[in-house]
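All remarks here apply to the structure that follows.
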Amino acid sequence: MTNDDYSDAAMEAEFAEDEDIRRAALGFISDAWAEAIACGVDADAVAHAAMFTALADLVATYGEDAVAKLAEGLPDRIQRGDYTVNRTLQ
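Listed below in structure tokens is the structure:
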């Protein structure tokens, strides 16, 4: 096994681990979202609170400029369907 092979394997393992972490995080957020809705909180209020919390955390971690740059790409990603849950891929 060469160093390149090990590096590729390590990167794949790290990517898989990162995917698992993101999937778990999404599960936690989805559960909290469902609980808020079940308690009678309006879905729009939950959405706004979630977006505020996410953006505030990202700003605290990466700074305003980096988050503003990230947000610039959101319209294209939304229109492309990146956030459409029940879509048909053809």
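Under this note's numbering, think of the first position of the sequence shown as 13, with each following residue one higher.
Glycine is no exception: its CB is placed at the ideal position from the N, C-alpha and C atoms.
- Take the alpha-carbon of GLU76 and the one of LEU86: they are about 16 Å apart.
- Look at the segment 26 to 100 and you find these whole runs of alpha helix (DSSP H), each 4 residues long or longer: 55 to 74, 76 to 84, 86 to 92.
- CA-to-CA, the gap between ALA61 and GLU29 works out to about 28 Å.
- The beta carbon of GLU31 sits closer than 8 Å to none of the beta carbons in its chain outside the five residues before and after it.
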